[in-house]
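First up is the structure itself, then whatever we jot down about it.
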Amino acid sequence: MSNKISKIISLLTAATMLLPTASCGNKNSANTISGIKLSESVRSWSNKEDKYSELLEKYGTNKCNGAMVVATDDDIVYLYCGNATEKDGKTPVSQDTVFDIASASKTFTAVCILQLAESGKLSIDDTLDKYFPEYETGKDITIYNLLHMRTGISDYINNPDPFWNISGAEAANKQLSDILQDRTTDEQFLKALYNAPLLFEPGTQFSYSNTNYRLLAFIIEQVTGMKYCDYVQKNIFDKCGMKKTTSMAKDDMTYVPVNYEEQASYGFTDENGYPACPNNSRGDGGIHSCISDMVAFDRALFGGKLLNKQSMETLLNDDDGYCCGLYRDKNGYSHDGSSLTCSANNKIFESEKFGYVYLITLKRTEDTVQNNADIAEPLKDTGYTEGTVNNGVYVNEYAGIKMTLPEGSYMEAVISGRLCQALKKKTKGSNLLKNATAYSMTETAAEMQ
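Going by mature numbering (1 follows the signal peptide of the UniProt record, and there is no 0), the letters in the sequence shown line up with residues -22 to -1, 1 to 427, in that order.
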């Protein structure tokens, strides 16, 4: 088991979503995603209204091994579902097929916190010692810091050594296995937190850490007296009519990825034999949704249905490019997520003509690199200058990363733990970098299996 687990990078979060109710969106039901019927042979649909020609030119040919949609507040512009099936192995994926959205769940957690701040049940200026009295360092860390990833707390998944006080690849792999299979308790998590050193002084830097959003889920539970999954169900899913979406529910994904057998060989399955959902890791991931529900959520959020104006300003205020559960892009906002089975990408960009435009993709994990690049290309931030690099091995003693990629491979890496994944083209199943974390690789080089 340990040799196989050593092939897995912790993508549980990462690395590197239209509308049943009037309260959350489109009044014209004919143009909702649920009203669109795809044939068995034609798995895409385009809105041919002239006003959408520019959007279709940019996004109307995108495809993925899963489901994707382009939508405005009023209409569906483009829908594609293909190259993947549901659990029965026969039914094609659709706008209602449920995927694990992984770290894209963080947006929901941030909204929950700001709802509670609106009602006066907490303040984002509260320090963590108020909620975790045994956490001595907590007096210097605020809820605001958690929301913006500026705590200095190490990532319990992607940087396990300092958080869990362990050392070496074998220990890190065992810890990852324990997390994915629910063998770590909240008590063990908090005990490790209380003893873990900070990576930097709180409030001084940005560092993506899943730990921050798991702690936010704990705070939600303390303040409300409800389980995180119950609170988000009542205050977001139900309000938006998200009938297919759940949080921390086992065996509710209707999609089983093409690399299912590979994941099963690692032992990462539940009692029914489907990909495991670690219930303890809430707040930072764990929401399962479909593109029809995710569009409902985006429209409700940016339409002012879930937060008031002041709270929305707080949500979208960014520090070092990270807002509250969303990244600030050049022309909008986004968050992605990647688990061992599924990948999600939720982009919201601002348009003078349409207001907000929502681009949402749910797919199998091994397609993340290429499809994210395809979708992001029309939104490419030309404010940055592209550089060139020579092929070869790069070693930086400060970064502690050394890797060699075989000819014909490509790689996406987001330092800070969001995603670090290398794939071989035309290869079935994921080929994941060995023991990669946000800060180091524990062995001599990245190993392509």
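For each residue, glycine too, the CB sits at the ideal point set by N, CA and C.
Here the structure is a predicted model, which is why all the values come from computation and not from measurement.
Following the DSSP letters along the chain, one finds Met46 inside the beta strand (DSSP E) bounded by residues 44 to 50. Under the Cβ criterion (8 Å, minimum of three pairs), the segment 268 to 283 does not count as touching the segment 100 to 109. Going by DSSP, Glu179 is part of no beta strand (DSSP E) at all; its letter is neither H nor E.
Here Val89 is not near Ser267, since their CB atoms are 8 Å or more apart.
Of the candidates Cys320, Asn43, Glu328, Thr319, Glu328 places its Cα closest to the Cα of Arg306.
Judged by DSSP in its simplified three-state form, Pro70 adopts strand. If you keep only unbroken alpha helix (DSSP H) runs of at least 4 residues inside the segment 187 to 231, you get 188 to 202, 206 to 210.
The shortest CA-to-CA distance from Asn324 to any of Asp271, Asp297, Asn136 is the one to Asp271. Between Ile269 and Val48, the gap from beta carbon to beta carbon reaches 8 Å or more. Contact between the segment 155 to 171 and the segment 198 to 213 is not established, with fewer than three Cβ pairs separated by less than 8 Å.
Leaving aside the five residues that flank Gly130 on each side, the residues in its chain whose CB is nearer than 6 Å to its CB run, in chain order, Leu176, Leu177, Phe178, Pro180.
A Cβ-Cβ distance of about 18 Å is found for the pair Tyr122 and Asn188, leaving them out of contact under the 8 Å criterion. Contact annotation, Gly303 with Lys84: C-beta distance approximately 4 Å; criterion of less than 8 Å satisfied.
For the pair Ala170 and Phe196, the CB atoms are not nearer than the 8 Å cut-off. Apart from the 5 residues on each side of it in sequence, Glu112 sits with its Cβ closer than 7 Å to the Cβ of Tyr172 in its chain, given in chain order.
Of the candidates Thr63, Ile79, Asp78, the residue whose Cα lies closest to the Cα of Ser72 is Thr63.
Between Tyr191 and Thr115 a beta carbon distance of about 18 Å is seen, past the 8 Å cut, so the two are scored as non-contacting. Boundaries of the beta strand (DSSP E) around Ser316: 310 to 316. Taking all protein chains shown into account, Gln153 has 16 or more neighbouring C-beta atoms within 10 Å of its C-beta and is therefore buried. Arg161 carries a coil assignment under DSSP once its states are collapsed to helix, strand and coil.
Under the 10 Å beta carbon count, Ser289 is surrounded by 16 or more other beta carbons and is classified as buried. Non-local beta-carbon contacts of Lys117 in its own chain, meaning distances under 6 Å to residues more than five positions away in sequence, involve Thr105, Asp107 in chain order.
In this structure, the CA atom of Gly219 is about 15 Å from the CA atom of Ile265. Ala227 and Asn258 have their C-alpha atoms some 11 Å from each other. Along the length of the segment 268 to 298, whole alpha helix (DSSP H) runs at least 4 residues long occupy 269 to 280, 287 to 294, reported in chain order. Proximity to Lys41 across Glu32, Val20, Leu125, Lys26 peaks at Val20, based on C-alpha coordinates.
Cα atoms of Asn151 and Leu33: separation of roughly 44 Å, rounded to the nearest angstrom. Out of Gly310, Gly333, Cys320, the CA that lies nearest to the CA of Ala82 is found in Cys320. Here the alpha carbon of Leu294 sits roughly 5 Å from the alpha carbon of Cys301.
Taken in chain order, the whole alpha helix (DSSP H) runs of length 4 or more contained in the segment 63 to 108 are 84 to 96. Looking at the backbone, the Cα of Ser132 and that of Ile119 are separated by about 13 Å.
Non-local C-beta neighbours of Leu92 in its own chain, meaning closer than 8 Å and more than five positions away in sequence, comprise Ile102, Leu285, Ser289, Thr292, Leu293, Cys302, ordered along the chain. In the structure shown, the three-state DSSP call for Asp139 is helix. For Leu124, the closest of Phe184, Asn143, Gly44, Asp139 by C-alpha to C-alpha distance is Phe184. Between Ile79 and Gly315, the gap from beta carbon to beta carbon is short of 8 Å. The DSSP-derived three-state label of Glu32 is helix.
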